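Enquirer: Residue numbers (my numbering): 2 to 828. All C-beta atoms, glycine included, are put in the ideal place defined by N, C-alpha and C. All values derive from a computational prediction rather than experimental measurement.
This is the structure:
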């Protein structure tokens with residue numbers, strides 16, 4: 002294992018050269034070759050430092066320099082026939098009183114990167130803004146309007162991303178019906194005559210051969226010119242650019258069959274006598290089958306994206322906000338930090354905050370994946386999107402808008418879905434050259450059949466060349482990884498498992514050892530004071546007050562336990578000066594003129610304070626699994642505190658589940674060996690390392706990595722060095738602090754069983770990706786030679802282009818269908 006590190010020069014460069022990441026929704030990408038071309042075009046553009054396109058999400062993430070021009074990038078992509086999607090946003094604008102106000106608002110909006118056009122209306126007090134989808138949101142527009150001293154307000158709008166997908170699926174559905182209506186009679190005329198002599202006799206009597214061919218030509222022309230026009234427009238433009246894609250293969254295949262059939266029908270003398278066959282049914286059926294496949298593919302992509310849409314729908318539209326001694330129903334976008342918000346039984350919680358009045362149970366399952374409702378009382382945290390069940394709650398808003406946990410979860414899922422996994426590297430290399438190779442193979446097939454094939458060589462050469470163009474499927478290779486990643490990461494979000502980086506999913510699947518922090522991870526993290534043992538000449542309350550005063554400055558769970566115990570006794574804590582924290586040892590400070598130190602036996606030894614008088618109590622409490630701290634006053638030991646932090650109820654099951662998966666477990670803690678062993682052995686961990694400072698945990702991870710990739714599970718606060726050093730860092734949290742910068746995976750809530758669930762999910766996704774890639778590569782490796790006519794010398798079999806089109810469409814659908822199975826993952 003190689004520990005992750007950053008080059009100092011790279012850090013400095015990033016600090017001085019600010020890079021912003023923008024997301025564009027891009028149309029026209031239909032295969033892996035399209036993805037490669039879009040990335041190539043973007044990376045070559047001025048101001049672009051990096052770009053990552055994703056076929057499944059139909060988006061591109063672009064890292065931009067400060068001087069980059071998004072509108073210019075949009076024009077560049079449009080010129081390449083990959084137009085960024087646009088959307089129209091409406092926003093209310095208060096305070097406009099004249100034409101000059103309108104001009105000011107429009108000018109401010111047009112300055113925003115990603116805004117293409119803006120128009121304000123004085124009569125309706127609204128602004129209509131055309132933007133690049135994904136590049137601009139409501140908050141950005143509102144900030145620009147507010148900067149000009151006008152008041153923005155939200156207007157109820159559709160979910161544009163879902164609306165765009167629905168519109169695309171509706172258009173494809175209509176084109177499928179049109180193509181089917183045109184192709185069905187052509188196929189019946191051509192294939193029916195071959196399959197049924199009676200049908201052939203009837204059509205000959207009713208229409209005559211020439212009339213039947215004219216009808217077939219007219220219907221095929223309709224299919225190609227109307228529902229199939231997109232393939233020719235996009236395909237020929239990609240050929241002009243020298244970057245052929247899937248559309249080019251379809252356009253060339255269907256177009257060649259169509260033009261050849263026109264010659265055979267209307268100018269047969271231009272062809273050899275034995276080659277005067279028409280293939281109208283193939284040209285029409287190719288378009289109909291592929292449109293049908295694209296329609297089903299569009300619907301499947303929509304289902305794969307439902308996880309994010311479902312999370313977004315958790316956000317309520319309105320909030321009952323108390324202002325100026327009255328409660329008003331206002332759009333949730335208008336909620337501000339500090340607002341008092343009423344939540345009635347059965348209603349969703351609009352923003353993140355804290356309960357100030359009332360008691361209830363809250364269903365947080367759709368946020369955290371935890372099935373049981375959580376009791377809430379004053380002082381308890383509330384997460385936006387959870388549902389209040391049976392009581393009235395009054396909350397104070399602490400995070401609103403993009404700062405809420407729900408918004409953060411959506412961002413993390415979107416980021417993970419847009420990532421590229423290492424396993425995708427091979428597919429990317431193949432798809433980058435796939436279409437040119439297919440074109441070359443098609444040309445080679447035509448030439449070989451013309452040279453070596455039996456008569457009518459021209460007709461056979463054409464059919465097999467078209468087969469190669471039609472049956473090849475780069476779409477399946479392009480979708481294999483992102484479709485599974487998109488579905489799997491979305492399902493993970495529903496279970497409370499958030500992948501901050503997509504590549505972490507693959508690393509987690511390959512993990513060999515998982516090391517746990519103890520306090521707050523394997524234990525409840527809410528220890529209680531079990532015993533106070535004061536030294537001679539000191540009182541319990543005195544040393545507790547001194548220790549709690551110093552520990553009040555610390556964030557450690559054991560420190561909070563001392564503070565809670567002091568406050569439970571009604572103590573007023575004295576002021577502390579010169580507070581200092583020594584990682585892995587303890588804390589110190591001045592209380593009045595006295596030097597107070599609270600911490601481990603190692604800290605006492607460093608101060609020269611003797612703890613031998615407490616050896617019996619120390620040994621007894623450590624054997625029970627309690628953590629023991631000492632207090633020194635002016636360098637002399639004044640007492641001992643024993644704090645018991647029991648294991649979480651799910652800890653033993655989590656460790657057992659990991660062992661069943663073949664993952665070794667370890668526990669790394671700063672606590673003493675006796676205490677660590679009492680907890681570790683209780684939950685079934687074999688490798689227990691105690692007395693570790695933060696740098697010691699990093700060293701142990703390096704040692705464990707010799708067995709293979711290693712992960713570390715901690716609370717994301719005190720364990721930042723270990724989380725950053727491990728191959729995969731998994732941070733456990735209660736859901737309101739999900740941006741754990743040191744971890745790649747965030748487990749919402751505090752259930753350690755989610756660690757095993759995350760491993761199982763990552764393995765399921767990686768297994769799904771491997772299945773998809775095996776299918777995609779295997780399909781092309783096997784069927785392209787068949788399309789070239791490899792079976793002809795053996796049994797005289799040649800593929801009909803219409804069946805080739807059906808096989809190509811089914812190939813992509815297999816990949817998407819296989820990926821969608823991950824939605825049923827239960828953990």
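#1: Give the list of continuous alpha helix (DSSP H) stretches no shorter than 4 residues that lie fully inside the stretch 61-115.
#2: Is it buried or exposed for residue 248, if we count other Cβ within 10 angstroms and need 16 for buried?
#3: Buried or exposed: where does residue 267 fall if 16 or more other Cβ atoms within 10 Å of its Cβ makes it buried?
#4: Confirm, please, whether the CB-CB distance from residue 63 to residue 22 is below 8 Å.
#5: From residue 683 to residue 531, what distance separates their C-alpha atoms?
#6: Looking at the unbroken alpha helix (DSSP H) that takes in residue 262, where does it start and where does it end?
#7: Would you verify that the beta carbon of residue 640 is, or is not, closer than 8 Å to some beta carbon of chain C?
#8: Residue range of the beta strand (DSSP E) that residue 596 falls in?
#9: Would you mind stating whether residue 380 and residue 411 have Cβ atoms separated by less than 8 Å?
#10: Closest to residue 646 by CA distance: which of 521, 767 and 671 is it?
#11: Are the Cβ atoms of residue 65 and residue 48 separated by less than 8 Å?
#12: When DSSP builds the beta bridges, which residues end up paired with residue 902?
#13: CA-CA distance, residue 392 and residue 365?
#14: How is residue 625 classed by DSSP in three states: helix, strand or coil?
#15: May I ask which residues mark the beginning and end of the alpha helix (DSSP H) holding residue 676?
#16: Evaluate residue 357 with the Cβ neighbour count: other Cβ atoms within 10 Å of its Cβ, from every protein chain shown; 16 or more gives buried, anything less gives exposed.
#17: For the stretch 252-260 against the stretch 144-155, do three or more pairs of beta-carbon atoms, one drawn from each stretch, fall closer than 8 Å, so that the two count as touching?
#18: Which whole-angstrom value describes the C-beta separation of residue 712 and residue 728, a residue pair presumed to lie in contact below a C-beta threshold of 8 Å?
#19: Roughly how many whole angstroms lie between the Cα atoms of residue 159 and residue 692?
#20: What number of angstroms, rounded off, separates the C-alpha of residue 35 from the C-alpha of residue 518?
#21: Excluding the 5 residues flanking residue 292 on each side, which residues of the same chain have their C-beta closer than 8 Å to its C-beta?
#22: In the DSSP output, what is residue 648 paired with across the bridge?
#23: Taking residue 588 and residue 554 to be in contact with their CB atoms under 8 Å, please state how far apart those CB atoms are, rounded to whole angstroms.
#24: What are the boundary residues of the beta strand (DSSP E) that includes residue 362?
#25: Between residue 642 and residue 154, what straight-line distance do the alpha-carbon atoms span, to the nearest angstrom?
#26: How many whole angstroms separate the CB atoms of residue 705 and residue 516, which I take to be in contact at a CB cut-off of 8 Å?
#27: Nearest by alpha-carbon distance to residue 68: which of 57, 80 and 50 is it?
#28: Do residue 575 and residue 640 count as a contact pair if the criterion is CB distance below 8 Å?
#29: Quick one: using the 10 Å Cβ neighbour count with 16 as the cut-off for buried, is residue 672 buried or exposed?
#30: Find the nearest neighbour of residue 609 within the set 621, 631, 566 and 243, judged by alpha-carbon distance.
#31: By Cβ distance below 7 Å, which residues in the same chain neighbour residue 813 in space, the five residues on each side in sequence not counted?
#32: Say the cut is 7 Å; is the CB of residue 400 nearer than that to a heavy atom of the ligand HEM?
#33: Identify whether residue 1 lies in helix, strand or coil by the three-state DSSP scheme.
#34: At which residues does the alpha helix (DSSP H) containing residue 44 begin and terminate?
#35: Judging by CA-CA distance, which residue of 808, 37, 796 and 506 is the nearest neighbour of residue 783?
#36: Taking the alpha-carbon positions, what's the residue 827 to residue 548 distance?
Expert: Let me lay it out:
#1: With a minimum length of 4 residues, the continuous alpha helix (DSSP H) runs that stay inside the stretch 61-115 are 71-80 and 100-111.
#2: Residue 248 is buried by the Cβ-count criterion.
#3: Classified as exposed, residue 267 has fewer than 16 neighbouring CB atoms from the shown chains inside 10 Å of its CB.
#4: Going by C-beta atoms, residue 22 is nearer than 8 Å to residue 63.
#5: Their backbone Cα atoms lie some 19 Å apart in a straight line.
#6: Per DSSP, residue 262 belongs to the alpha helix (DSSP H) from 247-267.
#7: The structure shown contains no chain C; it holds only a single protein chain.
#8: Taken as a continuous stretch (DSSP letters only), the beta strand (DSSP E) holding residue 596 covers 595-600.
#9: Cβ distance not < 8 Å, so residue 380 and residue 411 don't count as in contact.
#10: It is 521 whose Cα lies nearest to the Cα of residue 646.
#11: It is a contact, given that the beta carbons lie within the stated cut-off.
#12: With the chain covering only 2 through 828, there is no way to say anything about residue 902.
#13: In this structure, the alpha-carbon of residue 392 lies about 15 Å from that of residue 365.
#14: Under the three-state reduction of DSSP, residue 625 is assigned to coil, being neither helix nor strand.
#15: 674-684 is the extent of the alpha helix (DSSP H) around residue 676.
#16: By the 16-neighbour rule on beta-carbons within 10 angstroms, residue 357 is exposed.
#17: Verdict: no, contact absent.
#18: Here residue 712 really is in contact with residue 728; their C-beta atoms are around 6 Å apart, less than 8 Å.
#19: Below a pLDDT of 50, predicted positions are generally treated as unreliable, and residue 159, at 36, falls in that range; no measurement from the model is reported.
#20: In a straight line, the C-alpha of residue 35 is about 45 Å away from that of residue 518.
#21: Result list for residue 292: 173, 176, 177, 180, 228 and 229, in chain order.
#22: Assignment of beta-bridge partners to residue 648 by DSSP yields 524.
#23: Rounded to whole angstroms, the Cβ separation of residue 588 and residue 554 is 7 Å, and the two are in contact under 8 Å.
#24: 361-364 is the extent of the beta strand (DSSP E) around residue 362.
#25: The C-alpha of residue 154 is placed about 56 Å away from the C-alpha of residue 642.
#26: Their Cβ separation, rounded to whole angstroms, is 6 Å, which keeps residue 705 and residue 516 in contact under 8 Å.
#27: For residue 68, the nearest C-alpha among the options comes from 50.
#28: Cβ atoms of residue 640 and residue 575: not closer than 8 Å.
#29: It is buried - the Cβ of residue 672 has at least 16 other Cβ atoms within 10 Å.
#30: Residue 631 holds the alpha-carbon nearest to the alpha-carbon of residue 609 among 621, 631, 566 and 243.
#31: Answer for residue 813: 294, 298, 474, 476, 477 and 480, listed in chain order.
#32: This structure simply doesn't include the ligand HEM, nor any ligand for that matter.
#33: As displayed, the chain neither begins before 2 nor continues past 828, which places residue 1 out of reach and without an answer.
#34: Annotation for residue 44: the continuous alpha helix (DSSP H) segment containing it runs 33-44.
#35: That would be 808, whose Cα lies nearest to the Cα of residue 783.
#36: Between the C-alpha atoms of residue 827 and residue 548 there is a straight-line separation of about 46 Å.
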